[in-house]
Amino acid sequence: MDFYNLSSAVELRRSQLAVGSPELINSKISMHDHTLFSRVGFRGRGVASFLREQGISVPNVPNQSVVTAAGVLVLRLSNTEFWLIDTDKSQHEFIEALELASKGVTNVYRLYCQHSHGCFLVKGKNTPNMFAKVCGVDLSEKVFECSSIAQTSVARVNAIIAKQVILDEEGYFVLSDIAGSQHLWNAISDASAEFN
Amino acid sequence: MKIMNCPLNGPRNISEFVYGGEVKPMPDMVNCSDKEWAEYVFYYDNTIRIVQEWWFHSPSGYWFIAERHTASDEILKTYDPSEIFKERVDFEMKAKPAQEVVS
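Protein chains in written order, with the working numbering: chain S, 1 to 196; chain W, 1 to 103.
As structure tokens, this is what we get:
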């Protein structure tokens with residue numbers, strides 16, 4: 001087998017998280033588990049031009065994101081690394097087709113972010129205040145603008161935080177190693193508890 | 001708490017970084033002696049001066065170069081490796097002819 005499609009068998013994915021309810025936490029902060037939503041990453045000097053050829057607009061500088069009209073979040077994590085994330089579980093076919101289209105393209109290499117990372121969406125007015133308890137980077141409204149990405153440590157685990165507006169609502173996507181995602185879910189739940 | 005400026009991500013807590021050794025010119029890996037290679041991989045001068053070092057920002061998987069004073073531990077400058085390394089280095093080795101195992 002020379003090419004295995006990492007986006008395949010979407011219906012067989014199972015979350016390892018014991019989250020109780022898919023939504024949390026209180027009236028001021030909610031958290032949603034997007035771990036099973038499709039996503040794909042690419043790294044390489046040819047990725048930016050490859051994505052543009054596929055009709056996807058990409059941020060011009062690292063640590064910025066854009067969201068397509070169809071609801072795919074495009075993260076630029078470095079000059080040569082991009083992740084594309086389905087935000088409403090409707091873009092699986094698009095992401096699968098994109099992954100297949102990358103086959104054989106020069107200087108485009110796939111990344112295994114579907115199975116390596118957990119993904120949460122955290123929303124609510126007090127979310128920046130909650131993150132101030134668990135994250136050293138200032139994510140407050142005035143400093144951390146919409147479309148920004150912070151790659152840093154959250155509750156002692158490495159995480160990517162991407163702030164973006166999805167369906168007219170501002171939210172923070174949190175991606176971190178799948179092995180630590182239960183801890184991170186619990187830590188964010190715990191940090192959010194006081195903002196009721 | 002120490003803060004280091006990551007060229008990609010900005011100022012970050014020092015606990016997010018991993019040390020990766022001194023930046024040194026690599027000897028010809030095919031023709032150099034074992035001693036030369038060992039000196040390149042393992043040995044450092046350990047003198048008081050400003051050293052160029054590899055550092056890794058773990059949350060973003062990003063390698064960069066920092067200039068640090070070995071006595072004061074002050075980090076003077078950090079920058080992307082592309083400022084020094086302009087060309088890709090390949091490690092292709094010529095395959096050696098297989099040797100027969102004599103039992």
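Even glycine gets a Cβ: it sits at the ideal position worked out from N, Cα and C.
Rounded to whole angstroms, the Cβ separation of residue 162 of chain S and residue 75 of chain S is 6 Å, and the two are in contact under 8 Å. When Cβ-Cβ separations below 8 Å define contact, residue 184 of chain S makes no contact with chain W. If you ignore the 5 residues before and after residue 78 of chain W, its C-beta comes within less than 8 Å of the C-beta of 4, 5, 6, 7, 55, 64, 65, 66 and 67, all in its own chain and listed in chain order.
For residue 164 of chain S, no CB of chain W lies under 8 Å from its own CB, so it is not counted at the interface with that chain. Separation of the CB atoms of residue 143 of chain S and residue 184 of chain S is rounded to 22 Å, and the pair is thereby denied contact status at 8 Å. Along the region 33-109 of chain S, the beta strand (DSSP E) occurs as fully enclosed runs of 3 or more residues at 39-43, 64-67, 72-76 and 81-86, listed in sequence order. For residue 195 of chain S against residue 130 of chain S, the beta-carbon gap comes to about 6 Å, under 8 Å, which counts as contact. Not flagged as an interface residue toward chain S: residue 72 of chain W, since no C-beta distance is shorter than 8 Å.
The region 32-40 of chain S and the region 110-122 of chain S touch, with three or more beta-carbon pairs separated by less than 8 Å. For residue 8 of chain W, the nearest CB of chain S lies under 8 Å from its own CB, placing it at the interface with that chain. Scanning chain S for C-beta atoms nearer than 7 Å to the C-beta of residue 62 of chain W yields 78, reported in chain order.
Taking C-beta atoms as the reference points, residue 87 of chain S and residue 160 of chain S fail to come closer than 8 Å. With a threshold of 16 other beta carbon atoms within 10 Å, residue 90 of chain W falls short and is exposed.
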